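K.L.:
Supplied in structure tokens, the structure appears directly below.
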Amino acid sequence: MSPRAGSTPRTLAFVESPVQLLNVLEWAHAHAPRAQEEPGAGLTLVVLSPTDPMTRGQLRRMSELARDDGHDVRWEEARGGATAPLRTTGGLAPLLRRADRVVMGDPFSRYVQLLLTLTRARDLVVVDDGTATMEFVAQLARGERLVRWHRKGGRPGARDLLFAPVSSAARRRLTPDGRRSVEVFSSMPVDETPAGVTVTANDFSWTRARFGPPRITRSADLVGTSLVETGVVDGDRYLDAVRALAKAHGATRYFAHRRESAEKLHRLALETGLEIVRPDLPLELIARRGPVGSTILSFPSTVVHTLPLALAGTGVRVAVCDIDPAWLTAHASPRAQGFLSGVTDTARDVHRLTAVRTA
3 MSPRAGSTPR TLAFVESPVQ LLNVLEWAHA HAPRAQEEPG AGLTLVVLSP
53 TDPMTRGQLR RMSELARDDG HDVRWEEARG GATAPLRTTG GLAPLLRRAD
103 RVVMGDPFSR YVQLLLTLTR ARDLVVVDDG TATMEFVAQL ARGERLVRWH
153 RKGGRPGARD LLFAPVSSAA RRRLTPDGRR SVEVFSSMPV DETPAGVTVT
203 ANDFSWTRAR FGPPRITRSA DLVGTSLVET GVVDGDRYLD AVRALAKAHG
253 ATRYFAHRRE SAEKLHRLAL ETGLEIVRPD LPLELIARRG PVGSTILSFP
303 STVVHTLPLA LAGTGVRVAV CDIDPAWLTA HASPRAQGFL SGVTDTARDV
353 HRLTAVRTA
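Counting in the numbering used here, the sequence shown runs without a single skipped number right up to 361 at its last residue.
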């Protein structure tokens, strides 16, 4: 769907994942009183669609919820062939030049960084893209180049070097000055706030108002992670850890991360007996909608920060299991263990479990 005829969106939001779209809706809900005071205020959500089928499916469902809330949604096949980036960028350029505010879910995205070079918006907003938000804020505060935490420490590749001028320009635009404001809307802990950046807390009030409260079961649920797929954790060690964790806590369901491979999930089902659930919405909404276990078990990830907020007042316990350094692969970033420990250390309202023993 395109913006309403004859209208220019004051706010343009770019998302590439279901969680980013959820957090744009949370941001819009939190800022609703201010938006209503602005004449002609409107939010156009631009979905820069990935190719992964599960992610696309969740984005379609989230887009429906956004439309139900009265927002315009523009679906872009941003990765549909070699010419897609040029076509997408060219089509969005007029909207970018006229927008007063740009909201983005992933400042590390090359797509988003390229689009940032085309905008004259005076207000820039970064909403959560999971734990990566913590790293983004820290890197911005230290004036470092924007690099995802699980890639940091490696030598930049040819594509990185080629894209470096665009990435540097994006970082400069995300640094507040007298002409431009920057807001970070986050449920993550922010220790190093860059000068001039406004940090606004995301308490998942939209999620709590829209869904639930859930029916709570007596069993436990286990939340999957894509740490194997990103090359951080060894696959065999991860399977052993899931098996031990499920046995120790009586877990019966495994909520798969959207990036987990079908082969890995098939093996998990065969060797652990867990029911594999592929959610059609972000886990915060699935859990709030219910039914949900009385205990939710997770490895260090975004959900140890977000689920306690989404499930506030329900009595559901969120427990996080540490990553044993022995589970890390030889290719893991040198700072992977410290980052993952930091995700756990800074989580509020969670029960901390020691790393389970694996064979």
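Don't be surprised by glycine CBs; every beta carbon is placed ideally from N, CA and C.
Fair warning: this is a prediction, and the values are worked out from it, not measured in the lab.
Using 8 Å for Cβ pairs, my map puts A246 next to V320. What's the rounded Cβ distance?
P.N.:
The Cβ separation is near 19 Å, so there is no contact.
K.L.:
Could you check how far apart the C-beta atoms of D130 and M190 are, in whole angstroms? I think they sit under 8 Å.
P.N.:
About 6 Å separates the beta carbons of D130 and M190, which is inside the 8 Å limit, making them a contact pair.
K.L.:
Under DSSP, the alpha helix (DSSP H) around M136 begins and ends at which residues?
P.N.:
Here the alpha helix (DSSP H) through M136 covers 134-144.
K.L.:
Counting Cβ pairs closer than 8 Å, one from the region 260-271 and one from the region 231-251, do we hit at least three?
P.N.:
yes
K.L.:
By Cβ distance, which residues of its chain are closer than 7 Å to V48, with the 5 residues on each side in sequence left out?
P.N.:
L14, A15, F16, R76, E78, L94
K.L.:
Under 8 Å Cβ to Cβ from R174, same chain only, skipping five residues before and after it: list those, please.
P.N.:
none
K.L.:
What did DSSP end up calling A349 once you bin it into helix, strand or coil?
P.N.:
coil
K.L.:
Can you list, in chain order, the residues of its chain with a C-beta nearer than 6 Å to that of V192? Leave out the 5 residues immediately preceding and following it.
P.N.:
V139, V201
K.L.:
Should the region 246-256 be regarded as contacting the region 208-225, the criterion being three or more beta carbon pairs within less than 8 Å?
P.N.:
yes
K.L.:
Express the C-alpha separation of V352 and P302 in angstroms, rounding to a whole number.
P.N.:
11 Å
K.L.:
Does at least one heavy atom of the ligand ZN sit under 7 Å from the Cβ of W29?
P.N.:
Among the components of this structure there are no ligands whatsoever, and the ligand ZN is therefore not found.
K.L.:
Leaving out five residues on either side along the sequence, give the residues of the same chain with a beta carbon under 6 Å from the beta carbon of A171.
P.N.:
T119
K.L.:
Below 8 Å between beta carbons: does that hold for A289 and L313?
P.N.:
Against a cut-off of 8 Å, the Cβ pair of L313 and A289 comes out as a contact.
K.L.:
Below 8 Å, how does it come out for the region 66-75 and the region 97-114: are there three or more Cβ pairs, yes or no?
P.N.:
no
K.L.:
When the Cα of V318 is compared with those of A332, G292, S335, which residue comes out closest?
P.N.:
G292
K.L.:
According to DSSP, is S343 part of a helix, a strand, or is it coil?
P.N.:
helix
K.L.:
Flag this pair as yes or no: are the beta carbons of P20 and P284 separated by less than 8 Å?
P.N.:
yes
K.L.:
What runs of the alpha helix (DSSP H), each 4 residues or longer, lie entirely inside the region 176-200?
P.N.:
As far as the region 176-200 is concerned, it has no whole alpha helix (DSSP H) run of at least 4 residues.
K.L.:
If you run the structure through DSSP and keep just helix, strand and coil, what is E39?
P.N.:
Low per-residue confidence applies at E39: pLDDT is 48, beneath 50, and the placement is therefore not dependable, though the value from the model is reported in the following sentence. The answer is helix: DSSP assigns E39 an H, G or I state.
K.L.:
Reducing DSSP to helix, strand and coil, say where T274 ends up.
P.N.:
Of the three classes helix, strand and coil, the one that applies to T274 here is helix, per DSSP.
K.L.:
In whole angstroms, give me the CA-to-CA distance for P123 and L330.
P.N.:
Correcting the residue type first, residue 123 is Ala in the shown sequence and not Pro. Approximately 42 Å, taken between the alpha carbons.
K.L.:
Can you grab the Cα-Cα spacing for the pair T232 / G214, in whole Å?
P.N.:
For T232 and G214, the distance between alpha carbons rounds to 33 Å.
K.L.:
Quick check on G132: buried or exposed, where buried means 16 or more other Cβ atoms within 10 Å of its Cβ?
P.N.:
The residue is buried, with at least 16 neighbouring Cβ atoms inside 10 Å.
K.L.:
Return the bridge partner residues of E79 from the DSSP annotation.
P.N.:
Answer is none; E79 lacks a bridge partner.
K.L.:
What residues in its chain sit with their C-beta under 6 Å from that of M136, if we drop five residues either side in the sequence?
P.N.:
Excluding residues within five positions, the ones whose Cβ falls inside 6 Å are M190.
K.L.:
Per DSSP, which one or two residues make a beta bridge with D125?
P.N.:
R103, S183
K.L.:
Could you tell me the distance, in whole angstroms, from the CA atom of G295 to the CA atom of G92?
P.N.:
47 Å
K.L.:
If you count every other CB in all the chains shown that lies within 10 Å of the CB of P41, and 16 or more means buried, which is it?
P.N.:
Low confidence applies here, because P41 scores a pLDDT of 43, under 50, leaving its location unreliable; read the following figure in that light. When all chains shown are included, P41 counts as exposed.
K.L.:
Give me the Cβ distance between E286 and T209, rounded to the nearest whole Å; I'm assuming they're in contact under 8 Å.
P.N.:
6 Å
K.L.:
Thinking C-alpha only, which one of A134, V105, G145 is nearest L126?
P.N.:
Ranking the options by Cα distance to L126, first place goes to V105.
K.L.:
Where does G295 fall in DSSP's three states?
P.N.:
strand
K.L.:
Where F341 and A134 are concerned, what is the direct C-alpha to C-alpha distance, given to the nearest angstrom?
P.N.:
10 Å
K.L.:
When we look at the beta-carbon of H307 and count the other beta-carbons within 10 Å, is it buried (16 or more) or exposed?
P.N.:
buried
K.L.:
May I ask you to report which of helix, strand or coil DSSP gives S19?
P.N.:
coil
K.L.:
In chain order, what residues of the same chain lie with their CB nearer than 7 Å to the CB of E39, ignoring the 5 residues before and after it?
P.N.:
Residue placement at E39 is poorly supported in this model, since its pLDDT is 48, which falls under 50; the coordinates still yield a value, given next. Excluding sequence neighbours, E39 sits near nothing in its chain.
K.L.:
Could you tell me if E66 is buried or exposed, where buried requires 16 or more neighbouring beta carbons within 10 angstroms of its beta carbon?
P.N.:
Exposed is the call here.
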